[in-house]
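**Q** Heads up: the sequence shown at position 10 corresponds to 1018 in my numbering, and the numbers run straight through without jumps. Heads up, the beta-carbon is just placed ideally off N, CA and C, and yes, glycines get one too. Computed from a prediction, not measured in an experiment: that's the story for all the values here. First the structure, then my questions, so here it is.
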Amino acid sequence: MVYLKEVDENNWKEIAALELFEEQKSFLDTPLGIVARGYVYRNCNAKVFGIANEEKIIGAALIRDFDEEPVGYDLQQFMIDKNFQNKGYGRQALELILNYLKAEKRFDRVEICVKKADIPAIKLYEKAGFKNSGYFDESVPDCVNLIYFL
């Protein structure tokens, strides 16, 4: 069973130990970088979650408030350890995150910026109901902006 576990002083090292395949490293921050971003974006209501299967952390996610119009949630980082990929954990974890945000009810949308070359991630988000927002950010021309309405 997959569940979300808020990151704290007792488990952040488990997240730091997560690994990606070499070809995925250009798509995401390091696991320790995800934890650090949670701190940096603390004024944006950032939350870093461990994605756990039973008692083992197998992934991580960073969500923060997106305070530019239109406001919403920014799913800034989402990763599953290389040893647990392609087993359905990412789909389950994404569903848990979306349900968490729906229950929170502060915003009506979730956005994520994904590298165009990260086809497996784009497919995962599209299967979950994300759509291309049509927004283009000139500072990251190699990315597509996806949106999900809660």
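Taking only the alpha-carbon atoms, compute the straight-line gap between R1099 and A1136 and give it to the nearest angstrom.
**A** 8 Å
**Q** Out of N1018, D1116, E1030, which one is the CA nearest neighbour of I1065?
**A** N1018
**Q** Is any beta-carbon of chain B found at less than 8 Å from that of L1158?
**A** Going by chain labels, chain B is absent from the structure shown, which holds only one protein chain.
**Q** Compute the Euclidean distance between the alpha carbons of A1129 and F1138, then round it to the nearest angstrom.
**A** A1129 and F1138: Cα-Cα distance of roughly 11 Å.
**Q** For the beta strand (DSSP E) that N1061 lies in, which residues bound it at each end?
**A** 1055-1061
**Q** State the Cα-Cα distance for the pair K1012 and F1029, rounded to the nearest angstrom.
**A** The question names Lys, yet the displayed sequence has Leu at residue 1012. Looking at the two C-alpha atoms, the distance is approximately 22 Å.
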